[in-house]
Structures are given as structure tokens and as C-alpha cells.
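Below is one structure, written out as C-alpha cells, with a few remarks after it.
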Amino acid sequence: MTSHPSRLSRRDVFSAALALGAATVLPAAASGAARAATGSGRSGRRDGATGPRITDCDGWGAREASEEVVVLDTRPERIIVHHTASANVSDYSRERAHALARAIQTYHMDAQGWIDTGQHFTVSRGAFVLEGRHHSLAALDAGDRLVRGAHCVGQNSVAIGIENEGTYTSEAPPAAQFSALADLCAHVCRQYDVSPSEIYGHRDFNNTACPGDRLYAMLPQLRQDVARRLGSGRPVALPRWPVRLPGGWSAGPAAGSLPEYLPAGLLDPLRGR
Ligand SMILES: [Zn+2]
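Heads up: the sequence shown is residues -36 to -1, 1 to 237, going by mature numbering (1 follows the signal peptide of the UniProt record, and there is no 0).
Listed below in C-alpha cells is the structure:
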């Protein structure tokens, strides 16, 4: 494992292009300009690949990590979907999304004792997508490295973790949030060459109810939506269990009874708001 403390300059160009008015898809010309401006030919990003707008740690006011974040020189093998087990608020604002990201980081660092936010990315109920652990976005942009996270025991060095704001045991996520999740997953799959069939729920690996019965039941649809975004209309195969895991862990599609590590109500009212 190797550290990559510096941010990628191509990201600045990419962000600037987004700020000029592109929504979720950059025109090919802008993408080409970004490549030309940085002169980077070995980033891992496929030609023409674009992704959703993602607010980085600086954008939502993250604290510094308490220790240097570990960046692995390997790509993730899969994506793991979580829910925050917090209230299904109707505040869909950007401000709420940023406050959520700060509250999660505070909880993970001060209550859990972790060095930084545990997950790589967060999707708010209002469909805002935010970076979680520092450098996750630069690693995704590069497409050839992975920040070691803290979101799923046994998977933190091989899986991208995405937290979705809300509790999805019986209620489905807002359509815009689910769509933003699919956009983000498609971007992750594209950047890291991960198959849509490699999208899992937290409960596939740990004894937890996360990401909730309802959202878990929507994962086949999510895989299909992601495949469509990647240009394939063919049915996506289900993941094959047991997944190969390090250290004797076994995995299977079983709904556990333990609560998510973000207890319900912890983020509401949001601290520091
Ligand atoms: Zn989870």
C-alpha cells in the first residue's frame, strides 16, 4: 500500500467544467479538454467517461482526518450499499446534505474513534452526492486506487461504501435519491471496471439490517439501472455467494437483527447546524 496525499489536478478542471453548467453529463469536448489540460494519459478514466457532481470534503466543511488516510494501489472489487438509519427527513436541501456529512464524520471520529468518515460516499435524501473519507474522490477520478474505508467488516480494503441518508426498512428512498445512487454506482463501475453484478448490501457481509429490507430488495433494480447507464440492456446476473472474503469471513444474503452503526435519531437534530 502506498500513500497518495496529493489531489489530482485533472479534478479541478473537471469541477470547473461542471460549474459552467453541465448537469450530470459533461459534453465530450469538455472531457477532452480536461485530458488535454492535464496531459495525463494514465489516469484509468475511460475516454469520455463522466459522472455525477460530487461535493468533496472541502465543499461540505470536513474536519481533517486524525491520521493520514490510507490509499491502496488497488481497485475495489465491489460496491456496498448502506443506509444511515437516520430519519426520513423531508429537508432535501444542499445545506442538509452538507450538515449530514459533517454529522456522520463527527460521529465516526468522536464516537467510533475512527480516523475520518467511514464510507467513501454519501447520497442525501435530496440526491446530493458527497465525498465521505478524504481522498475518495481523487481516487475515484484516478480509477486505479482505493481509499481504505471503515464501513463493512472484512470489506474495507476491497469495497466502495456508499451511505444513503434515511431508514429503508419499510419505506423506499425518494426516486431522486435512488437515481443519484445509480448515477454514482455507474460512475464507480466505469472508473474501476467493476461489474454492476458486484453491487451488494451491507447485510450480505455483516450481521446487520442495513441497508433495510426495502432498499435491499431494490438492489436488483439498482444493478439493472446501473447496467443501463453503462450502455447494456441485458439482465444483470445476481451476485454469486459465497463471496471470496479475507480471514475466514463468509457472506450470504441474510437479514441480520443488529442495528446499523449509525443509530436512528443520532443525526437528528443535526449537530452543529
Ligand atoms: Zn451499513
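Ideal placement from N, C-alpha and C gives every residue a C-beta, glycine not left out.
Keep in mind that this is a model prediction, so the values were computed, not measured.
ask   = If you follow the alpha helix (DSSP H) that Phe142 is part of, which residue opens it and which one closes it?
value = As a working note, residue 142 is residue 178 in the sequence shown. Where Phe142 is concerned, the enclosing alpha helix (DSSP H) stretches over Ala139 to Tyr156.
message = In whole angstroms, give me the CA-to-CA distance for Asp105 and Asn52.
response = Working through the sequence shown from its first residue, we reach residue 105 at position 141. Working through the sequence shown from its first residue, we reach residue 52 at position 88. Using only the alpha carbons, I get a separation of about 31 Å.
inquiry  = Under DSSP, the beta strand (DSSP E) around Leu202 begins and ends at which residues?
reply    = Locating residue 202 in the sequence shown gives position 238, counting from the first residue. Taken as a continuous stretch (DSSP letters only), Leu202 belongs to no beta strand (DSSP E), as it is neither H nor E.
key: Closer than 7 Å: Cys153 CB and nearest ligand 1 heavy atom   = For the purposes of this step, residue 153 is identified with residue 189 of the sequence shown, where counting begins at 1. Every heavy atom of ligand 1 is 7 Å or more from the Cβ of Cys153, so no.
message = Taking the beta carbon of Glu162 as the centre, do at least 16 other beta carbons fall within 10 Å, making it buried, or is it exposed?
response = One-based indexing of the sequence shown puts residue 162 at position 198. Counting C-beta atoms within 10 angstroms of its own C-beta, Glu162 has 16 or more neighbours from the protein chains shown and is therefore classed as buried.
message = Starting from Ala29, trace the alpha helix (DSSP H) in both directions and tell me its first and last residue.
response = For the purposes of this step, residue 29 is taken as residue 65 along the sequence shown, with counting starting at 1. Taken as a continuous stretch (DSSP letters only), Ala29 belongs to no alpha helix (DSSP H), as it is neither H nor E.
task = Give the DSSP-derived three-state secondary structure of Val53 in the structure shown.
result = Along the sequence shown, one-based indexing puts residue 53 at 89. The DSSP-derived three-state label of Val53 is coil.
Distance cut-off 7 Å: Cys174 Cβ against heavy atoms of ligand 1 = Counting from one through the sequence shown, the residue named residue 174 turns up at place 210. Correct: Cys174 has its Cβ closer than 7 Å to ligand 1.
task = Would you identify the three-state DSSP class for Thr81, choosing helix, strand or coil?
result = Counted from its first residue, the sequence shown places residue 81 at position 117. In this structure, Thr81 counts as coil in the three-state DSSP scheme.
key: DSSP-derived helix/strand/coil call for Val93   = To locate residue 93, count along the sequence shown from 1; it is residue 129. In the structure shown, Val93 sits in a strand (DSSP, three-state: E or B).
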